[in-house]
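For reference, the structure discussed in these notes is given below.
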Amino acid sequence: MTPKPLILVTNDDGINAPGIRTLISVMTTIGDVVVVAPDSPQSGMGHAITLDSMLYVEQIFIDEGPQTEYSCSGTPADCVKLAIREKLDRMPDLCVSGINHGSNSSINVIYSGTMSAAIEAGIEGIPAIGFSLLDYTWKANFEACKHYVKTITENVLKHGLPNGVILNVNIPNISKEKIKGIKVCRQAKANWVEEFDKRKNPQGRDYYWLTGKFVNLDGGEDTDEWALENGYVSIVPIQFDLTAHHYIQNLNAWNLNED
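FYI, in this note's numbering the residues of the sequence shown are 77 to 335.
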């Protein structure tokens with residue numbers, strides 16, 4: 077009898093978030109599940125790790141599912157590191173992160189704790205997927221996500237992923253009946269144009285709230301933003317090697333070693 081795959085589940089919205097509870101329920105139909113997730117929201121943490129304070133990990137029991145769960149005082153990346161080094165008796169066959177409350181398409185992948193957890197798993201050589209739903213509300217409806225989360229997960233377990241490649245999956249906030257399918261995409265050239273709302277506190281000291289708007293500068297129909305705007309689930313294969321390989325030859329043409 078073939079053993080079930082071991083699946084590590086994490087997120088950045090916290091272990092009690094509806095998104096991760098949905099993800100856990102789907103993963104338990106596929107494999108043996110161990111959850112190591114933050115004990116409080118960690119959105120926008122990127123790939124931060126804890127260096128200057130203690131980390132705590134505590135086994136908890138949230139529902140009656142077959143999974144084993146631990147809450148962690150650290151960041152999403154911390155959770156993956158601790159899971160691998162301290163809580164798992166072998167390397168997992170897969171790591172899934174999410175389901176995030178809100179988009180992680182285009183430039184958002186840089187800031188995302190959800191995707192950084194998946195990337196951390198990828199650094200360790202573990203196939204990994206980050207899932208996000210384009211609904212930032214706590215009471216988001218994840219029902220339409222379940223089919224696509226299961227389909228993509230089962231395909232990764234069947235086909236595998238190359239070392240260093242992680243899947244960034246975003247799901248539009250529409251009913252399952254309106255989702256047209258899945259598109260494999262590239263990351264759109266889009267970014268936030270930020271502004272700071274300057275105010276004064278009661279003591280007269282200046283403080284700032286980050287505001288801004290999201291601008292899509294990419295007119296391509298092969299991007300994650302286009303897919304999501306047109307009713308498709310987007311899959312973008314990403315990597316943690318940030319080398320601009322195409323520019324190495326140009327740099328080698330500089331006179332860098334002259335006195």
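Glycine included, every Cβ here is placed at the ideal spot set by N, Cα and C.
Minimum C-alpha distance to residue i - residue among the options
i	options	result
Pro313	Thr105, Thr78, Ser182 and Ala153	Ser182
Pro114	Tyr284, Thr86 and Ile138	Thr86
Met167	Ser101, Leu318, Ala220 and Ala204	Ala204
Gln143	Ser129, Lys265 and Val102	Val102
Ala93	Asp211, Lys265, Tyr283 and Glu200	Asp211
Gly288	Trp268, Asp282 and Pro278	Trp268
Val91	Thr78, Ile106 and Pro117	Just to set this straight, residue 91 is Ile in the shown sequence, not Val. Comparing Cα positions, the closest option is Pro117.
Leu164	Gln279, Gly296, Ala264 and Val133	Val133
Ser119	Pro81, Ala193 and Asn306	Ala193
Val291	Lys254, Ser173, Ala264 and Gly107	Ala264
Gln135	Ser149, Asp128, Gly122 and His123	Ser149
Helix, strand or coil at residue i [DSSP, three-state]
i	result
Tyr187	helix
Arg281	coil
Leu84	strand
Ile91	coil
Asp273	strand
Asn96	Going by the sequence as given, residue 96 is Ile instead of Asn. Ile96: helix per DSSP, three-state reduction.
Asp108	strand
Ala17	What is shown of the chain runs 77 to 335, which leaves residue 17 out entirely.
Lys289	strand
Leu243	strand
Assigned exposure category for residue i - 16 Cβ within 10 Å defines buried
i	result
Glu270	exposed
Lys157	buried
Met130	exposed
Ser208	buried
Phe61	Any property of residue 61 remains undetermined from this structure, which presents the chain solely from 77 to 335.
Val185	buried
Leu99	buried
Glu334	exposed
Leu304	buried
Proximity of residue i and residue j at Cβ, strictly below 8 Å
i	j	result
Val309	Val232	no
Gly240	Phe316	yes
Ala197	Leu84	yes
Lys252	His223	yes
Arg262	Thr299	yes
Ile175	Val110	no
Ala266	Leu293	yes
Ile311	Ile228	yes
Val172	Tyr146	no
Ile125	Asp89	no
Beta carbon proximity, residue i to chain C, threshold 8 Å
i	result
Gln315	Given the protein chain composition of this structure (a single chain), no chain C is represented.
Practice item. Enumerate, from N- to C-terminal direction, the unbroken beta strand (DSSP E) stretches of 3 or more residues contained entirely within the segment 129–217. Key: DSSP runs (the beta strand (DSSP E)) wholly in the segment 129–217: 133–136, 144–148, 170–177 and 204–209.
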